[in-house]
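Undergrad: Letter by letter, the sequence shown follows residues 0 to 657 in numbering that gives the first Met the number 0.
The C-beta atom is built at its ideal place from N, Cα and C for all residues, glycine as well.
A single structure is presented below for examination.
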Amino acid sequence: MQFKIQPMISKKIVALIVFFLTTLSVFSQEKFTLSGTISNENSNETLIGVNVSVPGLKTGITTNEYGFYSLTLPKGDYEIVISYVGFATITEKISLTQNTKKNYSLSESGQELQEVIITSEKTTANIRKPEMSVNKLSISTIKKMPVVLGEVDVIKSILFLPGVTNAGEGQSGFNVRGGGADQNLILLDEAMIYNSSHVFGFFSVFNPDAIKDLKLYKGGIPSKFGGRASSVLDIYQKEGNSKDFHMNGGIGMISSRILAEGPIVKDKGSFLIGGRASYAHLFLKLADNENSAYFYDLNTKLNYKLNSNNNLFLSGYFGRDVFSLNQTFANTYGNATLNLRWNHLFSDKLFSNLSLIYSDYYYGLTLDFIGFNWDSGIKNYNLKYDFKHYLSKNIKLNYGFNSIYYDFNPGTIEPIDSNSSINFKQLDKKYAFENAIYFEAEQRLSDRLAVNYGLRYSMFNRLGTSTVNLYANNQPVAYDADLKIYEKATPIGTTFYKKNKSIASFDNLEPRISAAYELNENQSVKASYNRMTQYLQLISNTASPTPLDVWTPSDNYIKPQIADQVAIGYFKNWNEDKYTLELESFYKTIKNRMDYIDGADLIANEAIEQVVLNGEMRSYGLEILLRKKHWEIQWLDCLYFIQIPTKNSWKNRRRNRN
0 MQFKIQPMIS KKIVALIVFF LTTLSVFSQE KFTLSGTISN ENSNETLIGV
50 NVSVPGLKTG ITTNEYGFYS LTLPKGDYEI VISYVGFATI TEKISLTQNT
100 KKNYSLSESG QELQEVIITS EKTTANIRKP EMSVNKLSIS TIKKMPVVLG
150 EVDVIKSILF LPGVTNAGEG QSGFNVRGGG ADQNLILLDE AMIYNSSHVF
200 GFFSVFNPDA IKDLKLYKGG IPSKFGGRAS SVLDIYQKEG NSKDFHMNGG
250 IGMISSRILA EGPIVKDKGS FLIGGRASYA HLFLKLADNE NSAYFYDLNT
300 KLNYKLNSNN NLFLSGYFGR DVFSLNQTFA NTYGNATLNL RWNHLFSDKL
350 FSNLSLIYSD YYYGLTLDFI GFNWDSGIKN YNLKYDFKHY LSKNIKLNYG
400 FNSIYYDFNP GTIEPIDSNS SINFKQLDKK YAFENAIYFE AEQRLSDRLA
450 VNYGLRYSMF NRLGTSTVNL YANNQPVAYD ADLKIYEKAT PIGTTFYKKN
500 KSIASFDNLE PRISAAYELN ENQSVKASYN RMTQYLQLIS NTASPTPLDV
550 WTPSDNYIKP QIADQVAIGY FKNWNEDKYT LELESFYKTI KNRMDYIDGA
600 DLIANEAIEQ VVLNGEMRSY GLEILLRKKH WEIQWLDCLY FIQIPTKNSW
650 KNRRRNRN
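In structure tokens form, the structure reads like this:
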């Protein structure tokens, strides 16, 4: 039997074969990876967020938190542009014929103005990246902002940003998009800071001389962050100068500071140590004034480069505030952190960071007129392992896990002396375990469209030893319909949970997604959605002269806060990127926002659930940020913003337990 192939059919088959082979050859085109670290030429400090771009392909990437970059490109010759605000731009031609590791050192551009004028290349990262509701500030920018009493302050600087407001007179922290101060996750070298303020909000705990970089995430929060409902303030300390020894400081109206840094082993290891203290209380003593208010803090960091693929870091912070009034009461509070980190480069595409973190917040109160000392606090021990996987020039993956063990001290009461009528009392300590795994991908789908999507799965377990009250209908707060008030419910029994016995457990999926679509090279529209779950709650009486701060875990009665936020924005650069406009609108809802019944007693309350209400909250607003950049000196020259007042409403709702 013979088969005869029609000429037309045979031509189609040949065309399909040729197309298939051509397509296969395109996709099998050799690709190689250019990777390395970028640092400051003067100090060897790694630089965060440096732009590494390839103009010929209209692609690029930025360095991560440790100055590492990785860019995979087809085999060929390219022009690479390295640019960073405040530093001279490097333009270099490379021939990429194999995987190449190349480190760059950037020189500060303060003295050579003409060399860093950008005329041909434009920094359009804010247009192209699927990142919104994020504000980045370098320490050089912060130091040029208006200061309070001569003191440069990190927290005060972010209050200039739209969507961020002061927590209130005499109160600590800041509010973001209608949220509370306790809903902000504040990280210093990855360690949690539970109270970011000195002297009840007048100054922050961050010594500006020791700070390297900060980012404030108001929305579109990456999947690696969790545990708070409103925002993330991610701050990194300097690593220290590994080339030369330097010392600097300053004397202000309120405090003085000093910082020393230098090499342990030149070009391989360095140290940094900085201290700051206020001294206004010394002048009060000269005037025989018994009142006192002062603070002090200490920043330390060590780093050592084992080899080209391994780096070790050890960083710490310790700070205290002391406040006393005419020997009638005294208040002492502060943070202490310690973090041991190991950076490892598995390959030119896979970067990892393993961290062991300890964080401690102490709150002490002495009431002489009553005759007792009150101590409370929270400690946590955190193990986290993060990976950054640079799959290709269009896809970057972030994934990892973290486990946190919490130790809560709700309160220890001790008599001041033998004449005190107060007896020693230790409220039941509380323990909890929080675990999370996450995955995130940043992907460029086309020349105009880029997306960032991820998922975080968090688990929280409230543990014994503890005695838990039982209530009718599982409701520790009763509503009096006649008086229209909430009242304490009477327990009908108790249950004792042994050590490490699970009292309550929760788990939540927290999806995150953001997208950027370029209308043209100077304009884009962006949108984002994220869900955040907060398992820790702050019990705080802000009406007292010294606000009471007690952190407590979610349990049978105090439920975790769950926040959902959507945002949409318009971004534009013009006049050769001299001006940038960011316009964003957001809508946020929070379930289980905490409030208290009228007359709530918070000190030494063993049944705190009887005075706590679960509520619902929503906030929405419009933010406009206009920047003017001055290329000759490469830093933020002017900052203007208009904020349509955030609408914030929330209501208590009677618990409805099933």
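1) With a threshold of 7 Å on Cβ separation, who are the neighbours of L67 within its own chain once the five nearest residues in sequence on each side are excluded?
2) Determine, using beta carbons only, whether P262 and S255 come nearer to each other than 7 Å.
3) Alpha helix (DSSP H) containing V153: first to last residue?
4) Could you have a look at N397 and say whether DSSP puts it in helix, strand or coil?
5) With three or more C-beta pairs closer than 8 Å as the rule, is the stretch 442 to 456 touching the stretch 507 to 516?
6) Which residues in the same chain have their Cβ closer than 7 Å to the Cβ of K590, if we skip the five residues on either side of it in sequence?
7) Counting C-beta neighbours from all protein chains within 10 Å, is the total for F26 16 or more, i.e. buried, or is it exposed?
8) Tell me whether N521 sits in a helix, a strand or coil according to DSSP, three-state version.
9) Measure the CB-CB distance between A435 and G172 and report whether it falls below 7 Å.
10) Are the beta-carbon atoms belonging to P475 and E608 less than 7 Å from one another?
11) Can you name the residues that DSSP bridges to V321?
12) Tell me whether V204 sits in a helix, a strand or coil according to DSSP, three-state version.
13) Hey, R275 and N342: beta-carbon distance below 7 Å or not?
14) Around the Cβ of D658, are there at least 16 other Cβ atoms within 10 angstroms (buried) or fewer (exposed)?
15) Identify the continuous beta strand (DSSP E) that holds T494 and give its terminal residues.
16) Could you give the distance in angstroms between the alpha-carbon of Y193 and the alpha-carbon of S465?
17) Rounded to a whole number of angstroms, what is the C-alpha to C-alpha distance between G370 and S420?
18) M131 and G219 - do their beta-carbons sit closer together than 7 Å?
19) Please report the distance separating the alpha-carbon of L426 from that of V198.
20) Using a threshold of 7 Å, state whether the C-beta atoms of A190 and N338 are closer than that.
21) Measure the Cβ-Cβ separation of E238 and N302 and say whether it is below 7 Å.
22) Would you kindly work out how many angstroms separate the C-alpha atoms of N574 and F432, rounded to a whole number?
23) Identify which residue in Q326, Y293, E441, E622 has its Cα closest to the Cα of S196.
24) Just verifying my parser: in three-state terms, what is the DSSP assignment at Q97?
25) Specify, as a first and last residue, the run of the alpha helix (DSSP H) that T140 falls within.
26) Consult DSSP for D359 and reduce its assignment to one of helix, strand or coil.
27) Assign M246 to buried or exposed, taking buried as 16 or more other Cβ atoms, counted over all protein chains shown, within 10 Å of its Cβ.
28) Beta-carbon separation of L46 and Y103 under 7 Å?
29) Only counting the same chain, and skipping five residues up and downstream in sequence, which positions put a Cβ closer than 6 Å to that of G318?
30) Tell me the DSSP secondary structure of L281 in three-state form.
TA: So, from the data block:
1) Reading off the sequence, residue 67 comes out as Phe, not Leu. The residues are T36, F350.
2) no
3) 153 to 157
4) strand
5) yes
6) Q560, I561, E615
7) Low confidence applies to F26: its pLDDT is 44, below 50, so where it sits in the model is not reliable, and the reading given next is rough at best. By the neighbour-count rule (16 or more Cβ atoms within 10 Å), F26 is not buried but exposed.
8) coil
9) no
10) yes
11) Y293, T331
12) coil
13) no
14) Outside the modelled stretch of the chain, which goes from 0 to 657, sits residue 658, for which no answer is possible.
15) 492 to 496
16) 24 Å
17) 7 Å
18) yes
19) 28 Å
20) yes
21) yes
22) 52 Å
23) Y293
24) coil
25) 138 to 141
26) strand
27) exposed
28) no
29) V204, D296, G333, N334
30) helix
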